[in-house]
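In short: position in the sequence shown from 1, add 2, done, that's my numbering. Here a beta-carbon is modelled for each residue, glycine too, at the ideal position from N, C-alpha and C.
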Amino acid sequence: QQKRKEVKEHNESIENGSKTQRVSQNQIRKYILKGESDNPKLAELYKSSPQIKELLSVCQNFRDMINGNTYDKDIRKWIEKAKATRNMALTNFAYGIEKDWEAVQAAIDIPFSNGLLEGTVNKIKAVKRQMYNRAGSKLLRAKILYSQ
C-alpha cells in the first residue's frame, strides 16, 4: 500500500513539471555495459542508492572479468556476489552461469574465440538457403568462393 502511494506521488510529480529527469533504458544499459553515461542524473542515482550501487558493481565486475581487465577470474566468487544482491534477474543469470560453469570459466580463461568460424558457417547457410538447397557441393563451393 505504502509503496504504491509513493510511486503514484512520484509519477504525479513528474507529470506536474518537476525538474526530475527521466533515465532511459538505453542509458542504463550503456552505463552497465560500458561504465559510462552522458546523463548526470544516472550518476546521481548511482551515488544515492546502495542497492543500485551494489547491482552496478556486480555487473561491472562481470564485464571486467569477461573482458580480461581483472586479475580475479574466479567466477564462483562472482556468482555468490550476484546471488547476494537479491535482484531476481541477476540471480537467475548467476544460476544459469552456475549450470554451465565450465564453459563460462573456459571463455574467461582462454583468449581464443570461435566467432570467425561461426560467421563463416552462417554465411554458408545463407548461401544454401538462397539456392533452395538444390546446389551440389561443387556449385556451393564456387558460389561461396566467388562471394568473398
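Quick one, are the C-beta atoms of residue i and residue j less than 7 angstroms apart?
i	j	result
residue 89	residue 57	yes
residue 104	residue 81	no
residue 84	residue 92	yes
residue 123	residue 146	no
residue 55	residue 110	no
For residue i, I'd like the list of residues in its chain whose CB is within less than 7 angstroms of its CB, leaving aside the five on either flank, ordered along the chain.
i	result
residue 107	77
residue 62	37
Could you please give the first and the last residue of the uninterrupted alpha helix (DSSP H) stretch that includes residue i?
i	result
residue 148	139 to 149
residue 126	117 to 132
residue 3	It is not in any alpha helix (DSSP H) - residue 3 carries neither H nor E in the DSSP assignment.
residue 111	103 to 111
Might you give, ordered along the chain, the residues of its own chain that have their beta carbon closer than 6 angstroms to the beta carbon of residue i, omitting 5 neighbours on each side?
i	result
residue 66	72
For the stretch 20 to 91, list the alpha helix (DSSP H) runs that are entirely contained and at least 4 residues long, ordered along the chain. 27 to 36, 42 to 50, 52 to 69 and 77 to 86
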